[in-house]
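Everything below concerns the one structure shown next.
There are 2 protein chains.
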Amino acid sequence: MSITLYDLAGAEAGRRFSPFCWRTRMALAHKELEVETVPWRFTEKHSLPQPNEGRVPVIVDDGEVVHDSSTIADYLESRYPDRPALFRNDIGRALTRFVQNWTEIVLHPGIIGFVVLDIHRHIGPADQAYFRRSREERFGKPLEEVVKDREARLPAFRENLIPLRRTLERQNFLAGTSPAYADYIVFGAFQWARAISDFELLAPDDPVAAWRERMLDLFGGLARKSPAYGG
Amino acid sequence: MSITLYDLAGAEAGRRFSPFCWRTRMALAHKELEVETVPWRFTEKHSLPQPNEGRVPVIVDDGEVVHDSSTIADYLESRYPDRPALFRNDIGRALTRFVQNWTEIVLHPGIIGFVVLDIHRHIGPADQAYFRRSREERFGKPLEEVVKDREARLPAFRENLIPLRRTLERQNFLAGTSPAYADYIVFGAFQWARAISDFELLAPDDPVAAWRERMLDLFGGLARKSPAYGG
């Protein structure tokens, strides 16, 4: 029986753009597990299986409901220990948490400031009202103001990527010669932007861009086939 | 036979302050290997065993000379596989490289801007001339100018530590329940500052400060016993 994943979608059901859901999507593929995804929108809080925290990803595996991307990754690793490892061991899991915290503190806030208005453009009217209200409250200004000077902020964002860039100059994946969950965490951030914005985060000759291509190629092009901006 | 470590020292032979040498020192203790350290100064390029790149750490193990802290860590892990692991496996080694790059790009440049004049105060006259010339060339200004506004830069430095802080809020060490090489890399940066400056990098209630205390306690207080500023 395949696993069900509740996956954040835009107005078009195929446009999947949650960085957290992409972690889970890639982790399921890494574990060679079949998945059926259910498109889910911000305002459909009550349609998620219980328990949940009103957010995705949520998975249902043989009747068991697991929510929160980190909890899901831990669940998959312990429930399917014979499948390819997401962490391999405790050191792998612990160091992946540092990568996660770096991603959520450095990458996500940077990216949201570039693409928040593009997200708004790609979601349905009910979600748009919710999204604009909640995000403008968080930023303290209109979404149009948030993204206004994004070109000027791009050099600083790219400079913040130096620890990632220097790592990927020397190895094909964050986790070494093959990808693991740490790669999916960072990739989720880039795939989020790719799905809803044509604002290019990376210079074409950036080793991070070359890694992103390798990530898009994984699992038969799973992430590449997903609708990107304009796709 | 014990391993010999050429270790950067101040005017006082006991004051060891290289962040890179501290990585090696902690790694040797982690591997339960005996070590004899040789105090070495910046201007003693020609007293190092061959081959080397004019920098420490350099170790000599049963006649074999190994230099560069990362190369030494790899050497120790493969030469002493039955001793406690520094990386555990390829994922551990690969993710440790990200921690290393983050440390060298975020932590080291931040710290040198706080303590560069304190380093100058703690080294001998020959080293002082070399150090001032080479560092003033790098910074493009007198060392006194580099550190002048350090208080004002402290909040930004502490904010840069959020990925580390958030990780150490949830686990005792970067590598999980017990320390590994990733911890020694980050600790080396703090121990560098501690050895030559009374400028406090961390607020007392910072989880990073609590972790630093745990690191100072390791191996019978190895790092704590080493002379700190004024010690």
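Chains as they are written, first to last, in our numbering: chain A, 117 to 347; chain B, 117 to 347.
Cβ coordinates follow ideal geometry from the N, Cα and C atoms, glycine included.
Check                                                                                                                                 : Outcome
Contacts of Gly208 (chain B) in chain A (Cβ-Cβ under 8 angstroms)                                                                     : Arg204, Asn205, Ile207, Gly208, Leu211
C-alpha distance - Ile188 (chain A) paired with Ala325 (chain B), whole-angstrom precision                                            : 31 angstroms
Interface residues of the region 286-298 of chain B facing chain A [CB-CB below 8 angstroms]                                          : Arg286, Gln287, Phe289, Leu290, Ala291, Gly292, Thr293, Ala296, Ala298
Selected residue, minimal CA-CA separation from Tyr419 (chain B), among B:Ser185, B:Glu260, B:His146                                  : There is simply no residue 419 (chain B) to check, as chain B begins at 117 and stops at 347 in what is shown.
Nonlocal neighbours in the same chain, by C-beta distance under 6 angstroms from Asn276 (chain A), ignoring five residues either side : Val222
Coarse secondary structure for Ile239 (chain A), derived from DSSP in three states                                                    : coil
Spatially closest choice to Gly126 (chain B) from B:Ile235, B:Lys264, B:His224, B:Trp138, by CA coordinates                           : B:Ile235
Nearest-angstrom Cα separation, counted from Ala339 (chain A) out to Gly347 (chain B)                                                 : Low confidence applies to Gly347 (chain B): its pLDDT is 47, below 50, so where it sits in the model is not reliable, and the reading given next is rough at best. So the two alpha carbons sit approximately 56 angstroms from each other.
Where Asp322 (chain B) sits in the DSSP three-state scheme                                                                            : coil
Test item: CB-CB of Leu259 (chain B) and Leu233 (chain B) under 8 angstroms                                                           : yes
Three-state secondary structure (DSSP) of Tyr196 (chain A)                                                                            : coil
Reduced DSSP category for Pro225 (chain A) - H, G, I as helix; E, B as strand; rest coil                                              : helix
Interface partners of Asn426 (chain B) on chain A, CB under 7 angstroms                                                               : Residue numbering for chain B in the displayed model covers 117 to 347; residue 426 (chain B) lies beyond these limits and cannot be assessed.
Chain-ordered residues of the region 308-331 of chain B with a beta carbon less than 7 angstroms from chain A                         : none
Boundaries of the alpha helix (DSSP H) in which Pro135 (chain B) is found, first to last residue                                      : 135-146
Short-range partners of chain B found in the region 168-199 of chain A, where Cβ spacing is below 7 angstroms                         : none
Where the alpha helix (DSSP H) containing Tyr300 (chain A) begins and where it ends                                                   : 297-312
Classification of Ala272 (chain B) by the beta-carbon crowding that lies within 10 angstroms, buried from 16 upward                   : exposed
Span separating the alpha-carbon of Lys341 (chain A) from that of Trp308 (chain A)                                                    : 14 angstroms
Residue range of the alpha helix (DSSP H) that includes Asp215 (chain B)                                                              : According to the sequence provided, residue 215 (chain B) is Val. The question's Asp does not apply to it. It spans 206-218 - the alpha helix (DSSP H) in which Val215 (chain B) sits, taken as one unbroken run.
Min CB distance Ile228 (chain A) to chain C below 8 angstroms                                                                         : In the structure shown, chain C does not exist; the protein chains are A and B.
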